[in-house]
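Counting from 1 along the sequence shown, just add 94 to a position and that's the residue number in our numbering.
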Amino acid sequence: MRLFAGVRFALLGFDPVSDAQYRSEMVRHGGADAGGAQEGCTHLVVSGLVYDDPVCVAAREHGTKVVTGLWVDDCFDLGAMADADHVLYRPVRDLEGIPGAESLCICLTGYQRQNGREAIVKMVNMMGARFSKPLTAKRVTHLICYQFEGEKYELAKMVKINIINHQWLEDCLKAWDILPVDNYTARSGWELEIMEAEAKDSEDESQSADRGSSDSRGIARSILATEIATPIHGPSVFSGNAEVPAGTH
């Protein structure tokens, strides 16, 4: 599988073991190793560097995609090229997180696919906030909803926890700020995905038919892969400390 065909990459900031592993796997799957020369690279894969590091800035100015090792990991998981422009794969602006994010505790509900849940947890960690599997009323500040339904959703409404979609996480990371939630409460994650799918269909219809179905851009355009399915609601009841088991949603 030539997963990284057309990718000329350089690695920076990794420990020797990780560097060797990433390098060998990317080459084995079709990538071209630029070695220490970053000039002419399509992708600079970094670890422990921030977005505004001079090396990252210079690479972007030359048209190089600057991504973290998570991009490589997700390419292997997807079996296709993940969207290197997604905020999930950008180096963070501060390794300590977004100022003020340490006071936030974020929970999710309704995301059935593993990669969707994992992407949300990773973005929460990138922000510097805490993630909670159970919805504990006195601790959780934000609930990321795939659909506006279910026990966690009802409890969050009752105790006035912020109920939002996952776009809030992405936009906070892009702005590197804790954004007001007002623009992220009208549509659920499911509704966002419907809109993205419709936009993708319109885009495909406007392009030449010879692109066929092999274009992987659509596969990984949103790491929060489409989950249009009936949510699974397991048997769950509110416990005395107002928690809902995370496994049911």
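Glycine included, C-beta positions come from ideal geometry on N, C-alpha and C.
Contact check, residue i vs residue j, beta carbons under 8 Å
{"i": "LEU249", "j": "ILE214", "result": "no"}
{"i": "TYR183", "j": "THR162", "result": "yes"}
{"i": "LEU143", "j": "PRO185", "result": "yes"}
{"i": "LEU105", "j": "TYR116", "result": "yes"}
{"i": "SER282", "j": "ASN256", "result": "no"}
{"i": "VAL101", "j": "GLY125", "result": "yes"}
{"i": "ASP171", "j": "ASN219", "result": "no"}
{"i": "MET221", "j": "GLY191", "result": "yes"}
Where residue i falls: helix, strand or coil (DSSP)
{"i": "LYS232", "result": "coil"}
{"i": "LYS159", "result": "strand"}
{"i": "VAL140", "result": "strand"}
{"i": "ILE192", "result": "coil"}
{"i": "VAL111", "result": "helix"}
{"i": "ALA104", "result": "strand"}
{"i": "ALA126", "result": "strand"}
{"i": "PHE225", "result": "strand"}
{"i": "GLU321", "result": "Because GLU321 sits at a pLDDT of 42, beneath the cut-off of 50, its placement in the model cannot be relied upon, and the point is left open."}
{"i": "LEU385", "result": "Here the chain comprises residues numbered 95 to 343, so residue 385 is not present and cannot be evaluated."}
{"i": "ILE313", "result": "The pLDDT assigned to ILE313 is 32, lower than 50, so where the model puts this residue is not dependable; a value taken from the coordinates is nonetheless given after this. ILE313: coil per DSSP, three-state reduction."}
{"i": "LEU164", "result": "helix"}
{"i": "HIS327", "result": "Here the model assigns HIS327 a pLDDT of 31, short of 50, so the residue's position is not dependable and the matter cannot be decided."}
{"i": "LEU172", "result": "helix"}
Top-ranked residue by Cα proximity to residue i, from the options
{"i": "MET217", "options": "ILE200, LEU105 and ALA178", "result": "ILE200"}
{"i": "ALA178", "options": "LYS251, TYR240, THR136 and ARG224", "result": "THR136"}
{"i": "ASP46", "options": "GLU292, ILE238, HIS180 and ALA223", "result": "The first residue shown for the chain is 95 and the last is 343, placing residue 46 beyond what the model contains."}
{"i": "LEU286", "options": "PRO274, TYR240 and VAL275", "result": "TYR240"}
{"i": "MET120", "options": "ARG211, ASP168 and HIS156", "result": "ASP168"}
Cβ distance (whole Å) where residue i is taken to contact residue j below 8 Å
{"i": "CYS150", "j": "VAL166", "result": "That pair is no contact at about 16 Å."}
{"i": "THR279", "j": "TYR247", "result": "That belief does not hold up - the Cβ atoms of THR279 and TYR247 are roughly 12 Å apart, past 8 Å."}
Chain B within 8 Å of residue i, Cβ atoms only
{"i": "THR235", "result": "Chain labels in this structure do not include chain B; a single protein chain is all it has."}
Task: Inside the segment 250 to 307 only - alpha helix (DSSP H) runs reaching at least 4 residues - done: 261 to 269 and 283 to 299
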